[in-house]
Amino acid sequence: MRRNRKQQIAISEAELVSMTNDLEDAHHETLPSMRESLAEWSDSNDDIRAGITRLVSTPSSRRAFLFGGGAVLGGVALAGSGLGGGLAAAVTRSGARSVSSATSAQKLTGDLAVVALAASLENLAVGTYQAAIDAVTQGKLTGVPDAVVTFAMTAQSQHKDHAAAWNGVLTGAGKKAVSGVDLTVKQSVDKAFAQVKDVPGLAMLALDLENGAAATYLAAISAVKSPAGIKTAATIHPVEMQHAAVLNFLLGQYPVPDSFAKTTGARTVKDKIG
Amino acid sequence: MALDDTRLRDLLTQSHDLHSDAMETTRVALDEYVELAHDDPWADVDPATRRATLLRGLPKSGVLAAAGLGTAMVALLASPAFADKTMDVQMLQTAASIENLAVATYDTALTLDFIGGASANAVVKAFAEKTKAQHQQHAEAFNAAVTRLGGKAQDQPDPVLLGVVNNAKPSLTGPAQVVDLALELEDGAAQTYVANTGTYSNKNARTVAASIMGVEAQHVAILNAVKALLAGGAADLIALPPDASKLPAAAGSVGFPNAFYPTTDARPASEGAVQ
Numbered sequence: 625m626r627r628n629r630k631q632q633i634a635i636s637e638a639e640l641v642s643m644t645n646d647l648e649d650a651h652h653e654t655l656p657s658m659r660e661s662l663a664e665w666s667d668s669n670d671d672i673r674a675g676i677t678r679l680v681s682t683p684s685s686r687r688a689f690l691f692g693g694g695a696v697l698g699g700v701a702l703a704g705s706g707l708g709g710g711l712a713a714a715v716t717r718s719g720a721r722s723v724s725s726a727t728s729a730q731k732l733t734g735d736l737a738v739v740a741l742a743a744s745l746e747n748l749a750v751g752t753y754q755a756a757i758d759a760v761t762q763g764k765l766t767g768v769p770d771a772v773v774t775f776a777m778t779a780q781s782q783h784k785d786h787a788a789a790w791n792g793v794l795t796g797a798g799k800k801a802v803s804g805v806d807l808t809v810k811q812s813v814d815k816a817f818a819q820v821k822d823v824p825g826l827a828m829l830a831l832d833l834e835n836g837a838a839a840t841y842l843a844a845i846s847a848v849k850s851p852a853g854i855k856t857a858a859t860i861h862p863v864e865m866q867h868a869a870v871l872n873f874l875l876g877q878y879p880v881p882d883s884f885a886k887t888t889g890a891r892t893v894k895d896k897i898g
Numbered sequence: 020m021a022l023d024d025t026r027l028r029d030l031l032t033q034s035h036d037l038h039s040d041a042m043e044t045t046r047v048a049l050d051e052y053v054e055l056a057h058d059d060p061w062a063d064v065d066p067a068t069r070r071a072t073l074l075r076g077l078p079k080s081g082v083l084a085a086a087g088l089g090t091a092m093v094a095l096l097a098s099p100a101f102a103d104k105t106m107d108v109q110m111l112q113t114a115a116s117i118e119n120l121a122v123a124t125y126d127t128a129l130t131l132d133f134i135g136g137a138s139a140n141a142v143v144k145a146f147a148e149k150t151k152a153q154h155q156q157h158a159e160a161f162n163a164a165v166t167r168l169g170g171k172a173q174d175q176p177d178p179v180l181l182g183v184v185n186n187a188k189p190s191l192t193g194p195a196q197v198v199d200l201a202l203e204l205e206d207g208a209a210q211t212y213v214a215n216t217g218t219y220s221n222k223n224a225r226t227v228a229a230s231i232m233g234v235e236a237q238h239v240a241i242l243n244a245v246k247a248l249l250a251g252g253a254a255d256l257i258a259l260p261p262d263a264s265k266l267p268a269a270a271g272s273v274g275f276p277n278a279f280y281p282t283t284d285a286r287p288a289s290e291g292a293v294q
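Going down the list, the protein sequences come from chains A and B.
So that you can map any letter, position 8 of the first sequence is 632 in the numbering used here, and since no number is skipped, the others follow by simple counting.
So that you can map any letter, position 64 of the second sequence is 83 in the numbering used here, and since no number is skipped, the others follow by simple counting.
Okay, here's the thing in structure tokens:
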């Protein structure tokens with residue numbers, strides 16, 4: 625990936641990298657408890673299948689990029705006039721490809737339908753970040769700050785971990801992993817992505833995806849029956865919220881705008897996955 | 020420093036507006052909570068969890084065995100004393116105690132010149148003020164849930180974490196030390212709520228905690244970024260909007276080191292319960 629290296633960095637990069645490495649170690653220490661939670665979930669397949677989901681569709685946030693919004697992250701711009709079809713290609717390359725609806729093909733119901741929805745949202749996030757990374761690599765997006773590049777790569781890596789966790793639940797329950805994306809959301813993302821002309825625009829799109837994922841998990845915590853499922857969603861929701869906070873900061877918006885997380889914009893199991 | 024005070028005030032106003040929307044969601048959850056609790060506090064709890072939670076909440080006494088467990092359960096469920104001993108109420112009281120301590124700690128921090136005074140970074144000061152207000156709202160939400168379940172509101176700080184704060188006070192000689200202390204409290208709160216979200220037997224209690232845990236995690240993310248910038252001598256980059264072109268690469272990821280939020284440092288469920 626091409627990076628903007630012309631700026632003078634007024635901070636010890638080595639120190640920050642060292643701190644990041646320490647935190648990365650801490651991250652790996654959290655994985656065993658996550659695996660334990662997933663195993664617990666796989667052990668309770670009967671409960672999962674019997675679970676009742678009632679994710680409620682709610683209007684998107686008024687801050688949502690897809691319905692307008694501003695940005696103040698200046699100084700960077702796209703070489704072209706929008707990222708066009710880059711997202712579809714990136715989604716394919718990132719492993720999320722077009723397949724028939726995972727939920728309908730497998731007739732998933734109850735908690736497992738929520739798991740499939742979660743996996744498809746994570747796949748979409750992975751693909752969208754990949755498209756952004758590709759845009760930088762291909763020179764379609766120039767002058768991208770190093771911090772933004774690092775954010776995109778790290779967030780994408782974590783979304784891959786989330787997708788793997790959700791798919792682990794599906795395969796543990798004897799179902800197929802979801803390799804597709806939430807097509808209902810992707811329709812809006814495709815339109816928005818084609819209009820992106822600069823880094824702030826891209827960051828707003830990412831913010832919308834992160835807020836949507838966080839809202840979906842918060843709704844899922846109230847909807848799923850499986851205790852292990854609740855625990856899994858509970859460990860991922862705060863991380864999506866953190867992604868949103870950093871994006872808000874980079875965009876110059878107050879990073880913690882709400883005292884209580886919202887379910888506004890949560891996706892539902894009615895979304896088409898493919 | 021690169022700060023647009025007018026813009027920051029606008030952002031805080033917008034934030035307050037958005038917060039009002041979020042409060043409405045939480046009020047709905049609390050209202051549902053009340054109805055459920057009055058109808059049947061165990062309405063949506065599976066039998067195994069109900070049994071395990073009841074046993075955790077009971078005093079260790081031979082009286083129960085003599086009286087017959089079933090009869091004793093009915094009697095305890097109907098008494099205010101029992102309400103304070105149920106696991107859900109204890110977890111909510113502990114959460115309120117953590118929030119109370121956070122409010123007091125930010126209050127103290129804001130009396131320090133380098134956090135709330137003339138020499139403070141304006142964004143750090145605004146963050147401390149706003150975050151304190153958010154913790155106050157969290158405490159009120161947790162206590163509302165407690166009282167509506169028949170328990171006593173917790174107006175005291177978590178006793179164990181209070182010791183941590185008191186021990187740290189003499190060393191609060193600069194912004195970095197304050198950020199370290201705030202991080203410890205915020206991360207402890209987030210981890211506790213994440214852990215408890217999977218433990219609450221009542222769905223609406225779970226919803227209240229879940230709607231707060233991500234906000235504490237956001238505080239952690241921003242404090243991690245601020246900590247890194249302070250450590251690198253780049254306090255001038257702590258601004259809204261930041262000069263993104265000057266931010267070091269690691270600043271983009273230092274705020275969220277874990278793909279899955281940990282719970283290893285969660286506070287014990289009854290640590291801040293009303294005694």
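Glycine residues also receive a C-beta, built at the ideal position from the N, C-alpha and C atoms.
Where the alpha helix (DSSP H) through T774(A) begins and ends: The sequence position of residue 774(A) within the first sequence is 150, counting from 1. Residues 770-796.
Within 8 angstroms, strictly: CB atoms of L259(B) and V142(B): One-based indexing of the second sequence puts residue 259(B) at position 240. One-based indexing of the second sequence puts residue 142(B) at position 123. Yes, they are a contact pair.
Neighbouring residues, chain A, relative to I319(B) (Cβ below 7 angstroms): Past the boundaries of the shown model lies residue 319(B); chain B is included only from 20 to 294, so the question cannot be answered.
Near-chain A residues of the stretch 186-199 of chain B (beta-carbon distance less than 7 angstroms), N- to C-terminal order: Cβ contacts with chain A come from no residue of the stretch 186-199 of chain B.
Cβ of N747(A) within 8 angstroms of any chain B Cβ: Along the first sequence, read from residue 1 onward, the residue named residue 747(A) stands at position 123. Not a single C-beta of chain B is nearer than 8 angstroms to the C-beta of N747(A).
E864(A) versus F817(A), V793(A), A776(A), A759(A), residue with shortest Cα-Cα distance: Looking up residue 864(A) in the first sequence gives position 240. Nearest option by C-alpha distance: A776(A).
T766(A) (DSSP reduced to helix, strand or coil): Here the question's residue 766(A) lines up with position 142 in the first sequence. Shown here, T766(A) sits in a strand according to DSSP, grouped into three states.
8 angstroms Cβ cutoff, A876(A) in contact with chain B: Here residue 876(A) refers to the residue found at position 252 when the first sequence is read from its first residue. Going by the sequence as given, residue 876(A) is Gly instead of Ala. Interface annotation, G876(A): in contact with chain B, CB-CB separation under 8 angstroms.
Beta-carbon neighbours of S846(A), restricted to chain B and to distances below 9 angstroms: Here the question's residue 846(A) lines up with position 222 in the first sequence. Neighbours of S846(A) on chain B, chain order: A48, K222, N223, R225, T226, A229.
Per-residue contacts from L829(A) into chain B (C-beta, under 8 angstroms): Here residue 829(A) is taken as the residue at index 205 of the first sequence, counted from 1. Correct list: empty, because the minimum Cβ distance to chain B is about 17 angstroms.
Check whether S116(B) and D206(B) have beta carbons under 8 angstroms apart: Your numbering for residue 116(B) matches position 97 in the second sequence. Your numbering for residue 206(B) matches position 187 in the second sequence. Taking 8 angstroms as the Cβ cut-off, S116(B) and D206(B) do not qualify as a contacting pair.
Own chain, CB closer than 6 angstroms to A285(B), minus 5 neighbours either side, in chain order: As a position in the second sequence, residue 285(B) is number 266, starting the count at 1. Same-chain partners within the cutoff: Q210, T211, A214.
Span of the alpha helix (DSSP H) around G751(A): The count along the first sequence starts at 1 and reaches residue 751(A) at position 127. Boundaries of the alpha helix (DSSP H) harbouring G751(A): 734-761, taken from the DSSP string.
T859(A) vs G271(B) beta-carbon contact at 8 angstroms: Here residue 859(A) corresponds to residue number 235 of the first sequence, with the count starting at 1. Here residue 271(B) corresponds to residue number 252 of the second sequence, with the count starting at 1. In this structure, G271(B) does not lie closer than 8 angstroms to T859(A) by Cβ.
Three-state secondary structure assigned by DSSP to V197(B): For the purposes of this step, residue 197(B) is taken as residue 178 along the second sequence, with counting starting at 1. Helix, per DSSP.
Contacts that D785(A) makes with chain B (C-beta to C-beta distance below 8 angstroms): Residue 785(A) sits at position 161 when you count from the first residue of the first sequence. Under the 8 angstroms cutoff, chain B gives A278, F279.
Reduced DSSP secondary structure (H/G/I, E/B, other) of D895(A): Numbered from 1 along the first sequence, position 271 holds the residue referred to as residue 895(A). D895(A) falls in the coil class under three-state DSSP.
Where the alpha helix (DSSP H) containing Y841(A) begins and where it ends: Against the first sequence, residue 841(A) aligns to sequence position 217. Boundaries of the alpha helix (DSSP H) harbouring Y841(A): 823-847, taken from the DSSP string.
Residues that DSSP places opposite D806(A) in a beta bridge: Against the first sequence, residue 806(A) aligns to sequence position 182. Per DSSP, I897(A).
Continuous alpha helix (DSSP H) stretch holding D262(B): start and end: Counting from one through the second sequence, the residue named residue 262(B) turns up at place 243. Bounds of any alpha helix (DSSP H) do not take in D262(B), whose DSSP letter is neither H nor E.
Member of E148(B), L129(B), F279(B), G170(B) whose CA lies at the smallest distance from the CA of T192(B): On the second sequence, position 173 is the one that residue 192(B) refers to. When the alpha-carbon of T192(B) is set against those of E148(B), L129(B), F279(B), G170(B), the nearest one is in L129(B).
Buried versus exposed call for T283(B) [16 or more other C-beta atoms within 10 Å across all chains shown]: For the purposes of this step, residue 283(B) is taken as residue 264 along the second sequence, with counting starting at 1. T283(B) is exposed by the Cβ-count criterion.
CB contact flag (A885(A), A838(A), <8 angstroms): Counted from its first residue, the first sequence places residue 885(A) at position 261. Counted from its first residue, the first sequence places residue 838(A) at position 214. Taking 8 angstroms as the Cβ cut-off, A885(A) and A838(A) qualify as a contacting pair.
Cutoff 6 angstroms; reference A139(B); Cβ partners in own chain excluding five residues on either side: Looking up residue 139(B) in the second sequence gives position 120. These residues qualify, in order along the chain: F133.
Classification of N277(B) by the beta-carbon crowding that lies within 10 angstroms, buried from 16 upward: Taking the first residue of the second sequence as position 1, residue 277(B) is located at position 258. Buried: at least 16 other Cβ atoms inside 10 Å.
Residue-level contact to chain A via CB, G169(B), 8 angstroms cutoff: As a first step, residue 169(B) must be located in the second sequence, where it is residue number 150. With 8 angstroms as the cut-off, G169(B) does not count as an interface residue toward chain A.
The stretch 822-836 of chain A contacting the stretch 744-760 of chain A, beta-carbon criterion three pairs below 8 angstroms: Enough Cβ pairs lie closer than 8 angstroms, so yes.
Within 8 angstroms, strictly: CB atoms of Q237(B) and A869(A): In the second sequence, residue 237(B) corresponds to position 218, counting from 1. In the first sequence, residue 869(A) corresponds to position 245, counting from 1. Yes, the pair counts as a contact, with Cβ atoms nearer than the cut-off.
Where S190(B) sits in the DSSP three-state scheme: Residue 190(B) sits at position 171 when you count from the first residue of the second sequence. In this structure, S190(B) counts as helix in the three-state DSSP scheme.
Beta-carbon spacing of T840(A), A742(A) below 8 angstroms: Residue 840(A) sits at position 216 when you count from the first residue of the first sequence. Residue 742(A) sits at position 118 when you count from the first residue of the first sequence. Yes. Within cutoff.
Span of the alpha helix (DSSP H), counted from its first residue to its last, around Q112(B): For the purposes of this step, residue 112(B) is taken as the residue at position 93 of the second sequence. Annotation: the continuous alpha helix (DSSP H) that includes Q112(B) extends over 106-129.
Local Cβ density within 10 Å of S190(B), reported as buried at 16 or more and exposed below that: The residue labelled residue 190(B) in the question sits at position 171 within the second sequence. The residue is exposed, with fewer than 16 neighbouring Cβ atoms inside 10 Å.
Residue environment, V135(B), which counts as buried when at least 16 other CB atoms sit within 10 Å: Within the second sequence, the letter at position 116 stands for residue 135(B). According to the sequence as given, residue 135(B) is Gly; it is not Val. Residue environment analysis places G135(B) among the buried positions, since at least 16 neighbouring C-beta atoms fall within 10 angstroms of its C-beta.
Per-residue DSSP class, three states only, for T216(B): Taking the second sequence and counting its residues from 1, the one referred to as residue 216(B) is at position 197. Correct three-state label for T216(B): helix.
Inter-residue spacing [alpha-carbon to alpha-carbon] between Q780(A) and E746(A): Your numbering for residue 780(A) matches position 156 in the first sequence. Your numbering for residue 746(A) matches position 122 in the first sequence. Between Q780(A) and E746(A), the C-alpha separation is close to 9 angstroms.
G836(A) beta carbon less than 8 angstroms from that of V809(A): Residue 809(A) sits at position 185 when you count from the first residue of the first sequence. Residue 836(A) sits at position 212 when you count from the first residue of the first sequence. Result yes, Cβ atoms of V809(A) and G836(A) sit closer than 8 angstroms.
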